[in-house]
Amino acid sequence: MAVMHEQTTGTRFRLFPQAPEVDEDQQPETVYVSSPSGSLMPGPSDERMYTVYPVGKQTHYGMHENENGEPLLFLPPWHAEVHPPAQPGPDGHFDHLEPGTREFESAHLFGCARFTLDVWERYFDRKIEWHFREDYERLELSLLPSVDNAFMGWGFLEAGGIKVEENYSAFFLNFDVIAHEIGHGIIYSEIGMPSQDDDNPEYFGFHESAADLVALLASLHFDSVTNAVLDNTSGNLYTLNRLSRFAETSDNTQIRLAANDQVLSEFVDGWDSEHKLSQPLTGAMFDILVDVFHENLLDEGLVSAEMEDLSDKLEGSDRYVAVMQEKFDNFYRQNPEGFKEALLLARDYLGTYLADAWRLLDSETLTYQGVNVALQDVDKFITGGRFNRIISNNFRMREIGLVKPGPRLEKMSPNSHLFSDRTVTPHTLG
Ligand SMILES: [Zn+2]
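Per my numbering, the sequence shown starts with residue 1434, numbered consecutively.
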């Protein structure tokens, strides 16, 4: 396997890899999306997605009630007035737009969605179809500042924002949030939509974990993110860093740490949030990413075998960071480019493995242990089983395959990503 280097052709956009208010000096990063330059229309729009910034839209898409209290499903397309669309520059790019303008915000939402799809269509090595294609050819990207959420639903991805202290935190300017929602769309399309009768806890947890991993690996395609992560840690990824802080400012203000140490037995008596229940699975994937990265460093002679042994021995202990940080600093200083190549290769191993493993799963029988087995099968196919020990160890460390989560303890919370405006369709309303 080789590193998937960034696109250097296509259409340019300026995107914030992380919510602008998290670091006010942060400048948006110029990236290419796969759309050939000149092919994108005002909006932006193309044959797969179009962007609208509605004027006077009272409420968000999804499930509502009419004046008689009857269910009312509000879905695209938006027919009424819109703010002026973002116009492509003379060269067909959108990197001329200024932050703080509606046109920049429209282009940012489209750019983040397209960038995330590009990354994952490379991992799937084919086009990812929309899960709502029976009703809509194109996804409507809608900016609605008045809604305190962002969701991918039947034919739409609608994003608003929330007030954090004095600041307004716009989800359409937050790459993690948009990529997470596209992640839900990819899983709906590749594995299937949850049905009301589903009560398989691991399916719920899997959905959130997969959406987080889609965002995590896509964010590692921003140069500024990989550079910052390596400069902050010298490759010692187990230290808390920007990489594992998802969606700092969304309604998930709590930091959902991918580098978490949660295990499945914490849920044997039951669970109340699929976000929390997703943590052991996401944590196992993060540890696999780190261990494969370490293997790559070893392969290239960028760290010593003694250091790698010590890292394995100390993994999970409190002494890890103190003992290992200095060693990482020394080796990283000698060859930062080599470290970066090793991290990008680990990123692409995990991305490709996830895409291949997800194809082997189905929503009816999905379990965390099933994900473990699928990943090991993919590894056998791609490398002859080179990373099998790493995969099985990290799943066992999370007690996946040893225990099962208990029942849902509470009624579905309004924050649930699963039975919400994301999953209601004209066909499920019946
Ligand atoms: Zn979600």
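All C-beta atoms, glycine included, are put in the ideal place defined by N, C-alpha and C.
Quick caveat: nothing in here was measured; it's all calculated off a predicted structure.
Separation of Phe1537 from Arg1792, as counted between CA atoms: Computed Cα separation, rounded: 36 angstroms.
Same chain, Cβ closer than 6 angstroms to Ser1667, five either side skipped, listed in chain order: Excluding residues within five positions, the ones whose Cβ falls inside 6 angstroms are Phe1761, Asp1762 and Tyr1765.
Proximity of Ala1540 and Ala1513 at Cβ, strictly below 9 angstroms: Their beta carbons are not under 9 angstroms apart, which means Ala1540 does not touch Ala1513 by this criterion.
CB contact below 9 angstroms: Phe1608 versus chain C: Of the protein chains in the structure, only one exists, and it is not chain C.
Within 9 angstroms, strictly: CB atoms of His1493 and Val1580: Result yes, Cβ atoms of His1493 and Val1580 sit closer than 9 angstroms.
For Ala1519, the three-state DSSP class (helix, strand or coil): Looking at Ala1519 - three-state DSSP - the assignment turns out to be strand.
Top-ranked residue by Cα proximity to Asn1633, from Asp1456, Gly1839, Val1857 and Val1597: Cα-wise, what sits closest to Asn1633 is Gly1839.
Arg1559 - DSSP class collapsed to helix/strand/coil: Three-state DSSP puts Arg1559 in coil, outside helix and strand.
Local conformation of Arg1447 per DSSP, three classes: Strand.
N-terminal and C-terminal residue of the beta strand (DSSP E) that Ala1583 is part of: Ala1583 to Met1585 is the extent of the beta strand (DSSP E) around Ala1583.
The alpha helix (DSSP H) enclosing Lys1773, as first and last residue numbers: First-last of the alpha helix (DSSP H) with Lys1773: Pro1769 to Arg1792.
Own chain partners of Asp1479 with C-beta closer than 7 angstroms, once the 5 adjacent residues on each side are dropped: Within the same chain, Asp1479 has close Cβ partners Ser1468, Ser1472 and Leu1473.
Distance cut-off 8 angstroms: Ala1396 Cβ against heavy atoms of ligand 1: This structure gives no information on residue 1396, because the portion of the chain shown stretches from 1434 to 1863.
Check: Glu1614 C-beta below 8 angstroms from any heavy atom of ligand 1: Yes, Cβ of Glu1614 sits closer than 8 angstroms to a heavy atom of ligand 1.
heavy atom of ligand 1 below 8 angstroms from Ala1592 C-beta: No, the beta carbon of Ala1592 sits no closer than 8 angstroms to any heavy atom of ligand 1.
Span of the alpha helix (DSSP H) around Thr1715: Unbroken alpha helix (DSSP H) run through Thr1715: Gln1712 to Asp1732.
For Arg1675, three-class secondary structure by DSSP: The predicted model places Arg1675 with a pLDDT of 45, which falls under 50 and marks its position as unreliable; any figure quoted below should be read in that light. If DSSP states are grouped into helix, strand and coil, Arg1675 belongs with the helices.
Terminal residues of the alpha helix (DSSP H) in which Glu1741 lies: Where Glu1741 is concerned, the enclosing alpha helix (DSSP H) stretches over Ala1738 to Leu1747.
With 16 other Cβ atoms within 10 Å as the buried cut-off, status of Lys1813: It counts as exposed.
beta-carbon Ala1644 near ligand 1 non-hydrogen atom, thresh 8 angstroms: The answer is yes for Ala1644.
Straight-line Cα distance separating Met1437 from Asp1781: As the crow flies, the alpha-carbon of Asp1781 is around 7 angstroms from that of Met1437.
Counterpart residues of Trp1511 in DSSP-defined beta bridges: Trp1511 pairs with nothing; no bridge assigned.
Buried or exposed (CB count within 10 angstroms, at least 16 for buried), Ser1575: Classification for Ser1575: buried.
Residues that DSSP places opposite Arg1841 in a beta bridge: Secondary-structure assignment with DSSP links Arg1841 through a beta bridge to Trp1704.
Start and end residues, alpha helix (DSSP H) containing Thr1534: DSSP places Thr1534 outside any alpha helix (DSSP H), giving it a letter other than H or E.
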